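Heads up: the sequence shown is residues 137 to 590, going by my numbering.
Quick reminder that beta carbons are idealized off the backbone N, C-alpha and C, glycines included.
These numbers come from a predicted model, not from an experiment.
Below: one structure, written as structure tokens.
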Amino acid sequence: MVIIKILLIEPSESIGELITKNLQRNFDADVLYAQNAEEGVEAIKSDDEISLIIARNLSAAPILNCLYDLSLKTPFIVIGDFEHVYKKYALVSDQLRLEEINRLVLKALGLKKEDFDHLKLPDYVPFPVKHFYLMSKSPCDVYIKLLKKTGDEYVKRLKQGDSFAKDDLKKYEEFGVGDFYILKESYDLFMEGLIAQTLNSLKNVRSMEENVEVIGDSYVISSDLMRALGITPVCIALVNQTIQSMKTQILQSPKLGPLLKKILEDHLSYSYRHSYLICALSYSLLPKMEWGSQDQQASLLEKICMVSYFHDIFLDQEKLVRINSHEELREEAKAGRISAREQEQIQNHAHHAATFVQGYPRLPQGVDVIIKQHHGATNGVGFPEVLTAAISPLAIFFMVVEDFATRILAIENTPENLAQSMRQALVPLKEKYQLPSYRKIVTEIETMITPKKS
């Protein structure tokens, strides 16, 4: 069997991890990771068994020069726009489409896809129990893993066709079972069942309270799959239906208060509550912004729903999503509550999410720009020390509403005291946002939450 050793040079650890997992899963590759050109050059000089090099465009020139100096003909793939007089490289879009990278890896190494199909998965493939929440029938045999001194043992718990309910799954979780396992031969069958049953569950008619919970389960499943698999047809179908369900529920709710209270319930994931709260608040605020007709307002709401779903796609922990400013980031880092890697994730998540979403089909115009600028930085990196009006008006709108949502979620007992919590969350916004384009949104929030005098 061919042993593939790939040198990956990528400044972002989170993006590097995503690409690394993809290469390991699809090619059983031994991936050497470097964050910059200097580390990459050292790796090339010290290891003569590298089969392929993949590098971000900013690091590409020194790598090519090194290959030229050492008279090496190692295949080279560059991520992003790049030009060099030494034309021995292939280009891949910086929109991070993993299937495009995989195609070029096969081409660069002169290999066939069929040679690696059996390597993509371990014998038993883990799936979080929560990924089964919207299913009612097992599409294949399902196992749990028992840890024993003689080695892992897999015990069948569900047979293909067995029915189950979410409450049954919760009992497994209460006993400490975090993952179910399927045989790798059943992977395609399981994924078909997961997507089909989840989509069907989303389309069923339910009460508002039940819908919010179901959409929350779908949000978690689709986000996890998108991070693991990238932008694939199955992920696109699930994300589209999840976003559509969020938007439909908002449009069909006669009053905002009951919907907000349900969204804020603690048993729902923080990321979901955060994103959905932004969408629901935006629905009430957008008409006040005088940005066009009713049809245009619907288009703006769709954009906000897309942005709310994707803006934190590369932040997979609640503590990271909660950080909303340079001061908060510095405080968390100083206290040792986040690692250097997590700091890098936060600093670059807007830029990476904006780049990632550009590969999404039929993306509403401007969504990637809003995502990139949603913390106020024009390049999507970090948090600006001073706010500026020189970013997209919708990015300003999203930034203020997200800040408001984050502050509401930080207040204890919010569902029971929603009006009071909203007034409390508004106070720091009035002090923080002094520029007219920001202050207008704060004023509209205050008008929305202030009871009308009869």
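Per DSSP, cross-strand counterpart(s) of residue i
i, result
"residue 169", "144"
"residue 594", "Outside the shown range of the chain, which is 137 to 590, sits residue 594, and nothing can be said about it."
"residue 315", "264"
"residue 226", "213"
"residue 192", "215"
Whole-angstrom C-beta distance between residue j and residue i, which should lie under 8 angstroms
i, j, result
"residue 315", "residue 268", "So it is not a contact: roughly 10 angstroms between Cβ atoms."
"residue 350", "residue 342", "7 angstroms"
"residue 186", "residue 170", "Not a contact, Cβ separation roughly 11 angstroms."
"residue 208", "residue 241", "That belief does not hold up - the Cβ atoms of residue 208 and residue 241 are roughly 18 angstroms apart, past 8 angstroms."
"residue 443", "residue 357", "That belief does not hold up - the Cβ atoms of residue 443 and residue 357 are roughly 20 angstroms apart, past 8 angstroms."
"residue 541", "residue 413", "4 angstroms"
"residue 446", "residue 493", "5 angstroms"
CB of residue i within 8 angstroms of CB of residue j, strictly
i, j, result
"residue 298", "residue 266", "no"
"residue 521", "residue 485", "no"
"residue 322", "residue 277", "yes"
"residue 325", "residue 259", "no"
"residue 197", "residue 215", "no"
"residue 408", "residue 352", "yes"
"residue 451", "residue 354", "no"
"residue 238", "residue 217", "no"
"residue 565", "residue 410", "no"
"residue 536", "residue 569", "yes"
"residue 528", "residue 449", "no"
"residue 399", "residue 496", "no"
"residue 456", "residue 482", "yes"
"residue 551", "residue 401", "yes"
Simplified DSSP assignment, three categories, for residue i
i, result
"residue 400", "coil"
"residue 446", "helix"
"residue 187", "coil"
"residue 273", "strand"
"residue 387", "helix"
"residue 207", "coil"
"residue 299", "strand"
"residue 473", "coil"
"residue 530", "helix"
"residue 496", "coil"
"residue 518", "coil"
"residue 539", "helix"
"residue 378", "helix"
"residue 123", "This structure gives no information on residue 123, because the portion of the chain shown stretches from 137 to 590."
"residue 481", "helix"
"residue 546", "coil"
"residue 423", "helix"
"residue 411", "helix"
"residue 592", "Lying before the first or after the last residue shown, residue 592 is absent from the chain, which here runs from 137 to 590."
"residue 164", "coil"
"residue 369", "helix"
"residue 564", "helix"
"residue 334", "helix"
"residue 158", "helix"
"residue 132", "Any question about residue 132 goes unanswered here, given that the chain covers just 137 to 590."
"residue 325", "helix"
"residue 139", "coil"
"residue 339", "helix"
"residue 552", "coil"
"residue 432", "helix"
"residue 504", "helix"
"residue 586", "coil"
Backbone CA spacing between residue i and residue j [nearest angstrom]
i, j, result
"residue 489", "residue 286", "43 angstroms"
"residue 137", "residue 165", "With a pLDDT of 48 at residue 137, under the threshold of 50, the modelled position of that residue is not reliable, and the figure given next carries that caveat. Using only the alpha carbons, I get a separation of about 12 angstroms."
"residue 530", "residue 158", "34 angstroms"
"residue 491", "residue 504", "7 angstroms"
"residue 502", "residue 437", "13 angstroms"
"residue 423", "residue 433", "7 angstroms"
"residue 516", "residue 577", "22 angstroms"
"residue 581", "residue 498", "31 angstroms"
"residue 375", "residue 206", "47 angstroms"
"residue 223", "residue 200", "9 angstroms"
"residue 339", "residue 381", "8 angstroms"
"residue 554", "residue 393", "8 angstroms"
"residue 406", "residue 379", "17 angstroms"
"residue 533", "residue 563", "17 angstroms"
"residue 384", "residue 377", "10 angstroms"
"residue 348", "residue 470", "37 angstroms"
"residue 601", "residue 175", "Beyond the ends of the chain as shown, which are 137 and 590, falls residue 601; an answer cannot be given."
"residue 305", "residue 288", "22 angstroms"
"residue 591", "residue 418", "Beyond the ends of the chain as shown, which are 137 and 590, falls residue 591; an answer cannot be given."
"residue 453", "residue 212", "34 angstroms"
"residue 465", "residue 479", "7 angstroms"
"residue 245", "residue 526", "46 angstroms"
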